[in-house]
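When you line the sequence shown up against our numbering, it's residues 42 to 156, in that order.
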Amino acid sequence: MTDIIIYTRKEVLDEKLKPDDANILYWTLPNRPRRFDEHEHDNVFFAYEGAIRGVFESWPSWISEGEEAIPDNAVVFHRLTWKELSEPIPTKAFQGFKYADKVPELTNIIEELYK
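Written as structure tokens, this is what we have:
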């Protein structure tokens with residue numbers, strides 16, 4: 042398992058969370074995370090306005106369920122798996138992604154997600 046954090050603007054994430062027919066979503070990154078496993082469940086945390094706000098589940102098998110072609114450098118997640126964190130975790134803005142294991146405050150949250 043590998044978990045990542047993506048920093049974005051609130052409006053962009055809100056657009057992803059809007060109910061519509063597309064539940065399989067993806068986020069294109071400059072490079073696909075090397076530590077992502079082709080066969081494992083991962084989590085994609087999202088941050089905006091100076092804090093990590095929530096998380097989606099990511100499963101590589103969802104790539105084949107989408108209606109459109111998904112780029113190789115994208116992470117795939119299901120809109121209905123979104124969980125908002127009860128307490129946002131402060132973080133500085135960054136580009137691309139970073140691995141969640143670099144943020145000690147996420148350790149307990151990650152352990153709960155994998156129970």
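Heads up, the beta-carbon is just placed ideally off N, CA and C, and yes, glycines get one too.
This one's a predicted model, so the numbers in the text were calculated from it and none came from an experiment.
- In the structure shown, the three-state DSSP call for Ala88 is strand.
- The secondary-structure analysis by DSSP pairs Trp68 across a beta bridge with Val116.
- For Glu52, the enclosing alpha helix (DSSP H) stretches over residues Lys51 to Leu58.
- Proximity to Asn72 across Gln136, Thr148, Ile151 and Ile150 peaks at Gln136, based on C-alpha coordinates.
- For Lys133, there is no enclosing beta strand (DSSP E), as DSSP gives it neither H nor E.
- For Arg94, the number of other beta carbons within 10 angstroms of its own is at least 16, and it is reported as buried.
- Taking 8 Å as the cut-off, the Cβ atoms of Ile47 and Trp68 count as close.
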